[in-house]
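First up is the structure itself, then whatever we jot down about it.
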Amino acid sequence: MRVIEAPSPNRDDRPAGTPIDMLVLHYTGMRTGAEAIARLRDPVAKVSSHYVVKEDGRIFRLVPEDCRAAHAGTSHWRGHEALNARSVGIEIVNPGHEWGYRDFPALQMAAVCELCLDILGRHPIPPRNVVGHSDIAPDRKQDPGELFDWQGLAANGVGLWPADDPLPTPPQDAMNLLGAIGYRTDLPLSVLLTAFQRHWLPGRADGIADEATMARLTAVAAACTR
């Protein structure tokens, strides 16, 4: 795997004793990859990620993994907050919902998968902690979005995808199941369900607790608590 060095000044030391146990995937949400990389390297912007993956599969390293990058912002997962301290962040070039959201090319997804596997080989990151920006900040973020191939990544050993959906549990169980997966539970249910669907129900982002959503929610929660 070839990695192109493009150092960003927007980094600092990770807090002592904090494990690297999360992998957070984003889309860039800007018109071009070059524009995104420029912003992630701009000291005025004060944002960064460890890696950027362009649509042609090229991988850029902006921040070494032993440093903290500024990619997650206000964030929460499985009882932890301020997740920059414990995560590796990958920005995946895509215009996003603001500039013409589109499918992620196969070449780009292959590079993302290879990079993720490389990172997972270095850090004890459990599958349930391979998440999207919208999972850890569901009230603020939509990325990498409902077109991202989470299922394909999981089939290749990156992240979690349930094998089968059981019978759905009642909608009133939704908040407890979301909490068991890792979501914060102090936000409106529809916001959390929308984020969940973007990750685990391809193409869905309506926030409705119908039978399909509840069945998948039950399956993912069971997989996260094994």
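Per my numbering, residue 910 is the first one in the sequence shown, and the count goes up by one each step.
Every residue, glycine too, gets a C-beta built ideally from N, C-alpha and C.
Predicted, not measured: the structure shown is a model, and the values here were computed from it.
Between the alpha carbons of residue 1085 and residue 986 lies a distance of about 14 Å. Taking each of 953, 963 and 928 in turn and checking the Cα distance to residue 912, the smallest one comes out for 963. Between residue 1017 and residue 1034, the C-beta spacing is not below 8 Å. Taking residue 1008 as reference, the option from 1072, 1048, 1015 and 941 with the minimal CA-CA separation is 941. Shown here for residue 967: same chain residues with a beta carbon closer than 7 Å to its own, the five before and five after excluded, namely 913 in chain order. The residue from 976, 1081 and 1133 with its alpha-carbon nearest to that of residue 1120 is 1081.
When 1076, 955, 1006 and 1031 are compared, the shortest CA-CA separation from residue 1055 is found for 1006.
In this structure residue 1066 is not in contact with residue 1059, their Cβ atoms being roughly 13 Å apart against a cut-off of 8 Å.
Counting only the Cα atoms, residue 1023 lies some 36 Å from residue 1078. Within the stretch 1013-1048, the alpha helix (DSSP H) runs of at least 4 residues that lie entirely inside it are, in chain order, 1015-1029 and 1042-1045.
In the three-state DSSP reduction, residue 1099 falls in the helix class (H, G or I).
Contact check for residue 931 and residue 995: beta-carbon distance about 5 Å, within the 8 Å limit, so the pair qualifies. Here DSSP, grouped into helix, strand and coil, assigns residue 1070 to coil. Nearest to residue 979 by alpha-carbon distance, out of 1025, 938, 921 and 945, is 921.
With contacts defined as CB atoms closer than 8 Å, residue 1133 and residue 1091 qualify as a contacting pair.
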